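Asker: My questions will all concern the structure given below.
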Amino acid sequence: MFQQTVDILVLGLLAATALAVVRMRTLIGAAMLMGIYSFLSASWMLILDAPDVAFTEAAVGAGVSTIFVLATLSITTIRAKRQTKFQFAPLAVVVLTGAVLIYGTLDMPHFGDPEAPVHRVGNRYIKRVPEEFKIPNAVTAVLGSYRGFDTFGETTVVLTAGLGVLCLLRKRREDEPKVVTE
Amino acid sequence: MILTGVMAAILVTMALALVRATLGPTLFDRILALNMFGTKTVLLIAVVCFTIDRTDFLDLALAYALMNFIGVVAVLRLFLHKGFGEPEPDEEGASS
Amino acid sequence: MSEALGLYNYWIVIFLMMTGLYLVISTGNLVRKVVGLNIFQASVLLLYVTMGRVDGATAPIFVEGRETYTDPLPSVLMLTAIVVGVATTAVALALTVRINEAYGTIEEDEINEQEHAQELAG
Amino acid sequence: MSEHLAVLPVLLPLLAAPICFLLRNRIAAMGTAIAVCWVTFVAGVVLLRTVVTTGAPAIYELGGWSADVGIVYHVDTLAAFVVVLVSSLGAVVLTFAPQSIAKEIPKEKHHFFAALYLLSMAGLLGIAVTGDLFNVFVFLEISSLSTYALISLGQDRRALTATFRYLILGTVGATFILIGTGLMYQMTGTLNMAEMAAHIRETEGVRTVLVAIAFLTAGIGLKMALFPLHAWLPNAYCYAPSSVTAFVAATSTKVSVYVLIRWIYTIFGTQGPGSMSGVVVDLVLPAMAISGMFIASTVAIFQTNVKRLLAFSSVAQIGYMALGVSLVSESGLTAGIAHLFNHALTKGGLFLAMGCIAYRIGSVQLADMRGLGRRMPVTMFLWVLGGLGLIGVPCTAGFVSKWYLVRAALEQDALYLAVIILLSSLLAVIYVWRVIETAYFQEPPEGKDEVTEAPLSLLIPTAVLIGASIYFGLFTEWSADVAGLAARELLGVVR
């Protein structure tokens, strides 16, 4: 009962934050609400017994992403144009996509079901990690060894993004971005 | 039982902070709301740790507090010269 | 009733994802687009983490006296996805900075106007 | 050495990328990158030979963990074929690049170009060989992020906005793929594609899996620019640096088509009990493919920028591949796979020819190409050969794959499909003819500097690709036979 009440409350708060981000007109406000959203989703992850993700989301999602957005705002502009007219098409796309997803949930195993097929590989890890590794954290073992190649890929993604950002923001020596007339 | 009550109180406070962050109107209001929200998250985590009986996760709360602190300092540094007092411009042509 | 309670979490997560997606495709401001993308991706994390949950279990960090643990694999996948998300955000924001330098605005319609003028001139 | 062959084509460019960046010297960086690309190509060819001669897929367990807990590389004929395709085109285009980017990219960014190019190639190769669904997502993001950065190197400021649009749509596509992967994982409890396929047969008609298929198809459709989802492609191709356009056009969308084939045939299954991709294959894919073939070709006719003309032509050609994939027959799939390869050669060659033209006249507008047939005879001759390949004239590679496609349509008594294929080829005749007419039968514009032929270092790679597209049109043993072999493997017709 406790679990369900907390679920409903925290999820409701998350939904309210997401709506507030959409309604938010000022850019700094949107960035801050994004940070709040990340903090809140990180708390919910902890309630769902995923402390490792909660930790990373708080540091990377709430911390780094928000600061990136705010830094961008501080060197570009904090002005946002007010959206004049309401567009129907995006809402239609989103409602349709959401309806398809909800249709998909109807056959899903229920939340928290220990018999759900999703735990097939997870249970193998739970069984094998204490035997094969001397560390208590199963997530670390999977991240570092069983699926270490994904982690390597993840590091490469960071390298790629770093190179991309450096390449984009490096000032050209000769000139500013120019208008090429054809 | 008492933990449930505490949890509910924290969630209500979070909702109030969210309202302030949404309404603004000044940048300073938003930064304070963000900071307060972060503090409430730290408390929420502490309560959750006791309810699920894994007090070893209390370390997480420490990390959150740190993130919160750094975040607010960073925000204040970034907007040092933007002026916190006035409502933010949200329209083309509004004074900045 | 149990149907609704068992799937309630998923439905809210879907609502969150769609809110993010709506912001991405409806707004003309580049920074708000990036914020929307962030919300969209952060909500997908919740979808995965929700799947990994097991009733009555505890986090997959082994301790004495606990037998059931939640699924570690969704956590592992989402740790990767968080980093991928922030990497994408960084590149998108760097592009926004450059676009602001080149066009003097981060509003899509104003950029389109300028591009149209450039097309006619060239 | 040989037991690590499967992982070698991915690791070589991946590890060489940071080295290229750290070298900082642009000549050293580009030289290293070119050398690594060619070594990767050799490794890819050896890998394909091994897979074809042993007759069994090469399996590589990363970190020594077997498929039930770890990530495995699973290289069958199709995967090895795509590895050869990506590495060969990557190597040829990169050989073209140094001289071309010298004019288009500021000198201090050349080592970035080399590193990002290698990362993009490594990402694409990683997608080709992996047997793990989540690993596909990770490598897709590596290749996408580096491609965004490469496209943004374009000279025109519109390259930035084109990249931004590509980034938003590409990330939405990738997130759709992530959602689809999550739903598949939720219902099967595994990420290994082979194991997933086995479990999916047990869960016949589960609605969650159907939705997962829809999301995976929509996501990869965005990435491969399937017709109504192609909005990012024309401007991205148009304003990217010449060599980037050639590389991306030749490899990136093709690898996405490969991913679609892999999912439909390996995971979802196409026939027998428990096959789930019915609606996608029967209805969605053909409809998108055919509308793309017509509408994109028609739009291409009205373009005044030749690079954008070729970009719309790419959207149309993706339609041919998707149509071949959707026919679910040996010749249909062979046609799709062969067209993947043939179109990569042809379009790669054409965009390189555009690079030669941009190098000399500094523009890719149709109006500036007037009379170019006399001033740059070799380049324009190569362009014409490539254009004929786009149309599908006999003796070009484009003909071979379209021939297979028509044959597959006739096998299924779908005469209307054969007619549609021929009609849409007529549209290709029109847009290719517009360029030929401008280049050969119009007077050069007055008052412009005299233009000479492009330097050999640009012409030779162009000639290699165009020549290869003619070669594989005349001698089909290699390309079409390997494609046929891959198709039989996918359909479960064991050799």
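First to last, the sequence lines map onto chains P, C, X and B.
Quick note: the first sequence uses our numbering, first residue 1, plus one each step.
Quick note: the second sequence uses our numbering, first residue 1001, plus one each step.
Quick note: the third sequence uses our numbering, first residue 2001, plus one each step.
Quick note: the fourth sequence uses our numbering, first residue 3001, plus one each step.
By construction, the Cβ of each residue, glycine as well, lies at the ideal position given by its N, Cα and C atoms.
Remember, it's a predicted structure, so these values are computed and weren't measured experimentally.
1) Leaving out five residues before and five after Leu3078 (chain B) in sequence, what residues of the same chain have Cβ atoms less than 6 Å from its Cβ?
2) Is there at least one Cβ from chain B nearer than 9 Å to Glu174 (chain P)'s Cβ?
3) Please confirm whether Glu3202 (chain B) and Ala3067 (chain B) have their CB atoms less than 9 Å apart.
4) Using a Cβ cut-off of 9 Å (strictly closer), state whether Ile3267 (chain B) contacts chain X.
5) Rank C:Leu1027, C:Val1047, C:Leu1060, C:Thr1055 by C-alpha distance to the C-alpha of Gly1005 (chain C) and give the top, closest one.
6) Establish whether the CB of Thr1022 (chain C) and some CB of chain P are separated by less than 9 Å.
7) Please go through the segment 3155-3229 of chain B and give each complete alpha helix (DSSP H) segment of 4 or more residues, from N-terminal end onward.
8) Give every residue of the same chain whose Cβ lies closer than 8 Å to the Cβ of Ala18 (chain P), excluding the five residues on either side of it in the sequence, and list them in chain order.
9) May I ask you to verify whether the segment 3058-3067 of chain B touches the segment 3022-3040 of chain B, counting CB pairs closer than 8 Å and requiring at least 3?
10) Check whether the Cβ atoms of Ala1033 (chain C) and Leu1018 (chain C) sit closer than 9 Å, and answer yes or no.
11) According to DSSP, simplified to helix, strand and coil, what is Val3086 (chain B)?
12) Should Pro177 (chain P) be flagged as near chain X, meaning a C-beta pair shorter than 9 Å?
13) Going by DSSP in three states, Thr1104 (chain C) sits in which element: helix, strand or coil?
14) Output the distance between the C-alpha atoms of Phe3399 (chain B) and Pro3241 (chain B), rounded to the nearest integer angstrom.
15) What in chain C is Cβ-close to Ala2094 (chain X), meaning under 8 Å?
16) With DSSP run on the structure shown, which of helix, strand or coil describes Val3072 (chain B)?
17) Output the distance between the C-alpha atoms of Tyr3132 (chain B) and Ile3264 (chain B), rounded to the nearest integer angstrom.
18) Considering only C-alpha positions, which residue in the set X:Gln2118, X:Gln2114, X:Glu2110, X:Thr2096 is nearest to Leu3160 (chain B)?
19) Could you check how far apart the C-beta atoms of Arg170 (chain P) and Val3069 (chain B) are, in whole angstroms? I think they sit under 8 Å.
20) According to DSSP, is Ala3236 (chain B) helix, strand or coil?
21) Pick helix, strand or coil for Thr3452 (chain B), following the three-state DSSP scheme.
22) Just the C-alpha distance for Leu3283 (chain B) and Val3086 (chain B), rounded to the nearest angstrom, thanks.
23) To the nearest angstrom, report how far apart Val3255 (chain B) and Tyr3416 (chain B) are at their CA atoms.
24) What are the start and end residues of the beta strand (DSSP E) that includes Glu3061 (chain B)?
25) Does the beta-carbon of Leu3222 (chain B) have 16 or more other beta-carbons within 10 angstroms, so that it is buried, or is it exposed?
26) Go through its chain and collect everything with a Cβ distance to Val180 (chain P)'s Cβ below 6 Å, but skip five positions before and after it.
27) The alpha helix (DSSP H) with Asn1035 (chain C) in it runs from where to where?
28) Do you know how far the Cα of Leu3285 (chain B) is from the Cα of Leu1016 (chain C)?
29) Determine which residues share a DSSP beta bridge with Gln3365 (chain B) and list them.
30) Out of curiosity, what's the CA-to-CA distance linking Ala3300 (chain B) and Ser74 (chain P)?
31) Check whether the Cβ of Glu2113 (chain X) lies closer than 9 Å to any Cβ atom in chain P.
32) Considering only the alpha carbon of each residue, which of B:Val3393, B:Gly3278, B:Val3211 lies closest to Leu3426 (chain B)?
33) Can you find the residues in the same chain that come closer than 7 Å, C-beta to C-beta, to Gly2056 (chain X), ignoring five residues on each side of it along the sequence?
34) When you compare the CB positions of Ser3491 (chain B) and Val3328 (chain B), do they come within less than 9 Å of one another, or not?
35) Got a sec: which bits of the segment 3291-3310 of chain B sit with their beta carbon under 8 Å from any beta carbon on chain X, in order along the chain?
36) State the beta-bridge partners of Tyr3359 (chain B) as determined by DSSP.
Answerer: Put simply:
1) Only residues of its own chain outside the window of five on either side were considered, and among them Ala3486 have a CB closer than 6 Å to the CB of Leu3078 (chain B), listed in chain order.
2) Because the pLDDT of Glu174 (chain P) is 49, which lies under 50, any placement of that residue in the model is unreliable, and the number read from its coordinates should be weighed accordingly. Output row for Glu174 (chain P): interface = yes.
3) no
4) no
5) C:Val1047
6) Interface annotation, Thr1022 (chain C): in contact with chain P, CB-CB separation under 9 Å.
7) DSSP runs (the alpha helix (DSSP H)) wholly in the segment 3155-3229 of chain B: 3158-3188, 3193-3200, 3207-3224.
8) Tyr37
9) no
10) yes
11) helix
12) In this prediction, Pro177 (chain P) scores a pLDDT of 49, lower than 50, which makes its location untrustworthy; the coordinate-derived value is nonetheless stated afterwards. It does: the Cβ of Pro177 (chain P) has a partner Cβ on chain X nearer than 9 Å.
13) Residue 1104 (chain C) lies beyond the range of chain C shown here (1001 to 1096); nothing can be said about it.
14) 29 Å
15) Correct list: empty, because the minimum Cβ distance to chain C is about 16 Å.
16) strand
17) Before going further, note that residue 3132 (chain B) is Asp rather than Tyr in the sequence given. The alpha-carbon separation between Asp3132 (chain B) and Ile3264 (chain B) amounts to approximately 15 Å.
18) Measuring C-alpha to C-alpha distances from Leu3160 (chain B) to each of X:Gln2118, X:Gln2114, X:Glu2110, X:Thr2096 identifies X:Thr2096 as the nearest.
19) The pair is not a contact, with the Cβ atoms about 43 Å apart (cut-off 8 Å).
20) helix
21) coil
22) 30 Å
23) 29 Å
24) 3058-3061
25) buried
26) A caution first: Val180 (chain P) carries a pLDDT of 48, below 50, which makes its placement in the model too unreliable to give a value.
27) 1027-1051
28) Each residue's Cα considered, the two are about 49 Å apart.
29) B:Asn3305
30) Their backbone Cα atoms lie some 42 Å apart in a straight line.
31) no
32) Nearest option by C-alpha distance: B:Val3393.
33) Thr2068, listed in sequence order.
34) Before going further, note that residue 3491 (chain B) is Leu rather than Ser in the sequence given. The answer is yes: Cβ separation under 9 Å.
35) none
36) Answer by DSSP bridge pairing: none, since Tyr3359 (chain B) is not bridged.
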